[in-house]
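Have a look at the structure below, then the notes.
Protein chains: 4
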Amino acid sequence: MINVRTDLVLEARELYKESHKGEKDLDGIEVIEESEDDISVTTVKVKNEEGAQKIGKPKGDYITIDIPSFTAYDGETMDRVSKVLAEVLGRLIKVDVKKNALVVGLGNWQVTPDALGPKVAEKIMVTRHLQTVMPEAIDDSVRPVSSIAPGVLGITGIETVEIIKGVVEKTKPELVICVDALAARKVQRVNATIQISNTGISPGAGVGNNRKQINEENLGVKVIAIGVPTVVDAITIANDTIDLVIDSLIKNSSSGTDFYKMLKSIDKNEKERLIKEVIYSETSGDMIVTPKDIDLVINSLSKIIANGINMAVQPNMDMEEINKFMG
Amino acid sequence: MINVRTDLVLEARELYKESHKGEKDLDGIEVIEESEDDISVTTVKVKNEEGAQKIGKPKGDYITIDIPSFTAYDGETMDRVSKVLAEVLGRLIKVDVKKNALVVGLGNWQVTPDALGPKVAEKIMVTRHLQTVMPEAIDDSVRPVSSIAPGVLGITGIETVEIIKGVVEKTKPELVICVDALAARKVQRVNATIQISNTGISPGAGVGNNRKQINEENLGVKVIAIGVPTVVDAITIANDTIDLVIDSLIKNSSSGTDFYKMLKSIDKNEKERLIKEVIYSETSGDMIVTPKDIDLVINSLSKIIANGINMAVQPNMDMEEINKFMG
Amino acid sequence: MINVRTDLVLEARELYKESHKGEKDLDGIEVIEESEDDISVTTVKVKNEEGAQKIGKPKGDYITIDIPSFTAYDGETMDRVSKVLAEVLGRLIKVDVKKNALVVGLGNWQVTPDALGPKVAEKIMVTRHLQTVMPEAIDDSVRPVSSIAPGVLGITGIETVEIIKGVVEKTKPELVICVDALAARKVQRVNATIQISNTGISPGAGVGNNRKQINEENLGVKVIAIGVPTVVDAITIANDTIDLVIDSLIKNSSSGTDFYKMLKSIDKNEKERLIKEVIYSETSGDMIVTPKDIDLVINSLSKIIANGINMAVQPNMDMEEINKFMG
Amino acid sequence: MINVRTDLVLEARELYKESHKGEKDLDGIEVIEESEDDISVTTVKVKNEEGAQKIGKPKGDYITIDIPSFTAYDGETMDRVSKVLAEVLGRLIKVDVKKNALVVGLGNWQVTPDALGPKVAEKIMVTRHLQTVMPEAIDDSVRPVSSIAPGVLGITGIETVEIIKGVVEKTKPELVICVDALAARKVQRVNATIQISNTGISPGAGVGNNRKQINEENLGVKVIAIGVPTVVDAITIANDTIDLVIDSLIKNSSSGTDFYKMLKSIDKNEKERLIKEVIYSETSGDMIVTPKDIDLVINSLSKIIANGINMAVQPNMDMEEINKFMG
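Protein chains in written order, with the numbering used here: chain A, 1290 to 1616; chain B, 1290 to 1616; chain C, 1290 to 1616; chain D, 1290 to 1616.
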């Protein structure tokens, strides 16, 4: 079967609900909706193992920020989204300002839609070294923060979690914040959603490899993950299109007819064959669907997220002070 | 109607043949196939207005080089493709080595899949100025070559053809070679095909705007266009998937039944609605389908094409001498 | 003789005064000093041929903005400098808002300290095409602006002025604003000064080649040049050091002694030999002196200048509206 | 005192010899010269503590490859230098092909002359993960290699040695190869020399901070350092110029005269004052001397070094096979 890929908890919940239509709302899962002007915030709490199994995501809190259309082209909206992100992160980060935090930019800086994490990492206000190097520049109200972009397995030859674990053991942060580009299931969510969770992250999880989780269990410190869907697999688009056509035909036919039966009987092998015909390319490997101006969008998103993190980890500084510090 | 986009003459020919299945082979169009090891070369000659109308492309010669799978990852194959390209270009360029040639890299260097042209432009062996600046470095066997990347309308505010025309009038080249990234209709052709023609090119033509052609008529000099399809519109993928599903269902039903009739009657509005549901994104604008490692692939392709052009316009130098010159 | 290079009128004036110490202040040259908080503005008016000859710069107005230390690291100061630049440009641009303006980013985008011009060009709010492409997005108060980065002779093979002239003839702007990275004579001025003039510019002038001027005479339209010194030639540093040592020794010796005579007699050949010994490199070609973080500084400067130009050419929009437009 | 900075053992040796002219050749230091065509190789063996103190470098072997002029512009010479580097590295790497090696690209990828290390790191043939991910792609003759670019203190907030140590403890390589951009004392050596040693490296050592060494003692595994001088501090240029002028004057004066005495008495404070006057810039911070086309040169050097390392760590593969693997 073609395994449709989503890293987003909201999509996972939709998928479950679609395939279990009779069922009453999900036990073990609580959903809270808020909004700040045109920015809506949805919290999904996966409260127990039953809920976790249903939506295929570990127990924990998942907060999704829906960002307004065209945010990437509008500096003022970007700032507003950063502030909401800072506020949401603040709920999950309840740590002593004296303890140090490590920001990890996951992903491959050579691949535009995967470069979100590294681009955030280079915009983080790094302060951990200042107490030693220029103690006069900072006072006690500044939290020590460090930032790395560990690269991906294909360009380092090392599992990302091994690099992070090595750095964590040497620098002993109290908190790790990971940022990664994700895959969505629907085009509508691409670059439109920021998902924050306290459950860790699997680098390249969607690609199907069984990678080691970057989470509290493996690193020994609290892990907050921030993800933005920047692509949809082309295979997902093809799959969803086929489903839509068939659903549309089924709606227009009476159950019991040969027609209806035939539609119902289109099996997975046939579907897979059709998809391959449309999107398989011997030359080019995995195809993705992405906006044409992805370079610009990734830049904007990295600014939004870096600003949000900078404000959240430095509760004693406002955006202006941080900008002044960053130049 | 959703207008399926292709810049490729081979695809245009296929489209025509698909929709005119009874018809005997295309009058006014001649096709010649050759190959060099695993690199195949197809020449389509659109010989008259009848042929031009049938496939929706101007009269002229279109030569398509099919490059082997994984060429972008293999330096040795890249060199072989460059040599075939040089040879093909040589057939179209029959000009005096003393006259100067202008290479134009079309496209937007800020958008990865559209950056092919500018990346080729910066790898061209530029020699036009040497006769003045360092006459001792070159002799009579070196053809004067210049190279520009004029940008795109959205970042210059100027129609590309206006910039090129301005430069052509000032520098009076005998030949203009334009390089551009194209859109394919099928994923299988993405980054797998180099199309060379002597009919000019429409920048951003596929996007639907009525831009001025970059061709001999408008520039007053011979124009050779080199294009590589680097993306497919997401809309095309969705459209083709729907057609495939319906065709597949039709094949399995008997004509005359209600079922058959219903399939035949799925109208264009319905199709458009389905496509919109799958690929429309308010936030992100136009979606494209592209390989995940497009940054790497564009780099490789720009080397292949720049090497091919460099050899073609400098028939008195071999690849080694050119590399030596280029560093 | 080693010809010490400066593109800056303030330095040219200093050089003249140093070597003509007895002379009273320069005839034909008027100097006006102003300041806005910590940003000082010096206007040098070269009023006639006598003045022009004395300081080796064409007749016209030269306005120099001295930017505060560490501006490149401080967003708020950057904005203040942009506003002063916009105001200064406004004095020189007295043209009808309905006529179109062309911004030209001179320099080589592959060479960091020379990439200032191209980086400004890509941050210009381009509007010239909107009246055709999306007339609903703009109204009459928006001036048509276009922007190009023509590259440098070594990568295009074409004299820059030829490209600009070609574009000017096709697009008929009423005003051309050129932006270029300059060479200073003193390290203290590097990235510390913006020079604006209405006399045009010589691309690569300092390098010693006799390039064609980009000015009103050659282009047929008003030309405003904006330059920032981003490097000092290493040869200048060595030269100035030698002069300083000798001056310092002379001050400590009595005129008439052998010692004094010897110092006075150090001739140009000897000086040249010493300089060569210190800074000549067979392997590396021309050496420049530049700040270590030049990549960051060029980015900041390009933002300052692009913002200043955007405000100056769009007198009906404020910085916020422009930022909103630019994304 | 102005501390003249050099990371190069050959320069350190020259400096010692200049200031100890009477002394016979250096005890505890052995020098061997070889050459391969126009590429010369100098081995300096610092054999004991006496030698180490004299030239201010730790005990160990230092091999310097002098690369021919204009190598960075000539692909064929680049390949020859890579081969010499591979051969030299082979002498120092005498380890089991089954054990894994870690390549570390030191330096800041945002600062062009400091980006050599990171650019080498991304051109390394990484294989360590293949045994797990695609065991069919490799056989026993391929050594497991991994590669990281840990960044610099100012952008990570973490001492580089801490990151490397963390990764070494997790991945247990038998050998670490570090690549870094160095500072030279003489312009003539900039981009003209590759220094290989088995004594480790101090990141940013020359800047004056007391950073932790990256060496066998601190990491617990053999460390080979590869360095290329890509800059000279501007302060060094000024300092050397002053010394040259004074030396030149001294040579022309008779000892015993007032003149001679005065020259001899120019003290360090005066020298420092003169230097500050020439090269101090409040706005711009540390100034460096570098070739104008440093972006191009760093690219070429990173190819040379990455190829040399790839061949050295994969003795069972030739350059062609590696290129094929790398794409």
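Glycine included, C-beta positions come from ideal geometry on N, C-alpha and C.
Is it true that the CB of residue 1443 of chain D sits closer than 9 Å to the CB of residue 1433 of chain A? no
Segments of 4+ residues assigned as alpha helix (DSSP H) that fall wholly inside the segment 1409-1444 of chain A: 1419-1422
Closer than 9 Å by beta-carbon distance: list the chain A residues that pair up with residue 1594 of chain D, in chain order. Those within 9 Å of residue 1594 of chain D in chain A number zero; the least Cβ separation is about 17 Å.
Nearest neighbour of residue 1347 of chain A, chosen from A/1354, A/1488, A/1612 and A/1590 [CA to CA]: A/1488
Contacts of residue 1459 of chain A in chain D (Cβ-Cβ under 8 Å): 1447, 1451, 1452, 1454 and 1455
Rounded separation between residue 1609 of chain D and residue 1316 of chain B - CA only: 48 Å
On the criterion of 16 or more Cβ atoms from any shown chain inside 10 Å, does residue 1298 of chain B qualify as buried, or is it exposed? buried
Between which two residues does the beta strand (DSSP E) harbouring residue 1379 of chain D extend? Counting along the chain, residue 1379 of chain D falls outside any beta strand (DSSP E), though it belongs to the alpha helix (DSSP H) covering 1364-1381.
Is the separation between the beta-carbon of residue 1237 of chain B and that of residue 1424 of chain A shorter than 9 Å? A question about residue 1237 of chain B goes unanswered here, because the residues of chain B that appear run from 1290 up to 1616.
Reference residue 1371 of chain A, options A/1328, A/1473 and A/1335, closest by Cα: A/1328
Alpha carbon to alpha carbon, how far is residue 1600 of chain D from residue 1562 of chain A? Give it in angstroms, no decimals. 44 Å
Output, in chain order, the set of chain C residues within a Cβ distance shorter than 8 Å of residue 1537 of chain D. 1559 and 1563
Neighbourhood of residue 1342 of chain D by C-beta distance below 6 Å, restricted to the same chain and skipping five residues each side: none
Using DSSP bridges, identify the partner residues of residue 1609 of chain A. Its beta-bridge partners do not exist; DSSP assigns none.
Quick check on residue 1353 of chain C - is its C-beta less than 9 Å from some C-beta in chain D? no
Note down, in chain order, every chain A residue with its Cβ under 9 Å from the Cβ of residue 1505 of chain D. Those do not exist, as residue 1505 of chain D stays about 18 Å from chain A at its closest Cβ, beyond 9 Å.
Simplified DSSP assignment, three categories, for residue 1396 of chain C: coil
For residue 1483 of chain D, decide whether its Cβ has a neighbour in chain C, counting only Cβ atoms nearer than 9 Å. no
With a threshold of 8 Å, are at least 3 pairs of Cβ atoms found where one atom belongs to the segment 1321-1335 of chain D and the other to the segment 1348-1368 of chain D? yes
Listed in chain order, which residues of the segment 1378-1410 of chain A have Cβ atoms closer than 7 Å to some Cβ of chain B? 1399, 1400 and 1401
At what residues does the beta strand (DSSP E) containing residue 1331 of chain C begin and finish? 1328-1335
Decide yes or no for the touch test of the segment 1525-1538 of chain C against the segment 1588-1598 of chain C: beta carbon pairs closer than 8 Å, at least 3 of them. no
Is the separation between the beta-carbon of residue 1484 of chain A and that of residue 1503 of chain A shorter than 9 Å? no
Alpha carbon to alpha carbon, what distance is there between residue 1409 of chain C and residue 1417 of chain C? 17 Å
Strand pairing of residue 1350 of chain C, partner residues [DSSP]: C/1334
Using the beta-carbon of each residue, which ones in chain A are nearer than 7 Å to residue 1296 of chain B? Chain A residues near residue 1296 of chain B: none, gap ~15 Å exceeds 7 Å.
Under 9 Å, Cβ to Cβ, is there at least one residue of chain B near residue 1609 of chain D? yes
Would the beta-carbon of residue 1578 of chain B fall within 9 Å of that of residue 1522 of chain B? yes
Residue-level contact to chain D via CB, residue 1579 of chain C, 9 Å cutoff: yes
Who pairs with residue 1540 of chain B in a beta bridge, going by DSSP? Note: residue 1540 of chain B sits in no beta bridge, so no partner.
Quick check: is the beta carbon of residue 1526 of chain C nearer than 9 Å to any beta carbon in chain D? yes
Report buried or exposed for residue 1560 of chain C, applying the criterion of at least 16 other Cβ atoms within 10 angstroms of its Cβ. buried
What distance in whole Å lies between the Cβ atoms of residue 1455 of chain C and residue 1468 of chain B, which are believed to be in contact at a cut-off of 8 Å? Not quite, the Cβ-Cβ distance comes to about 20 Å (not below 8 Å), so this is no contact.
Please report whether the beta-carbon of residue 1542 of chain D lies at a distance below 9 Å from any beta-carbon of chain C. yes
So, using beta-carbon positions, are residue 1510 of chain C and residue 1465 of chain C closer together than 9 Å? yes
Reduced DSSP secondary structure (H/G/I, E/B, other) of residue 1345 of chain A: coil
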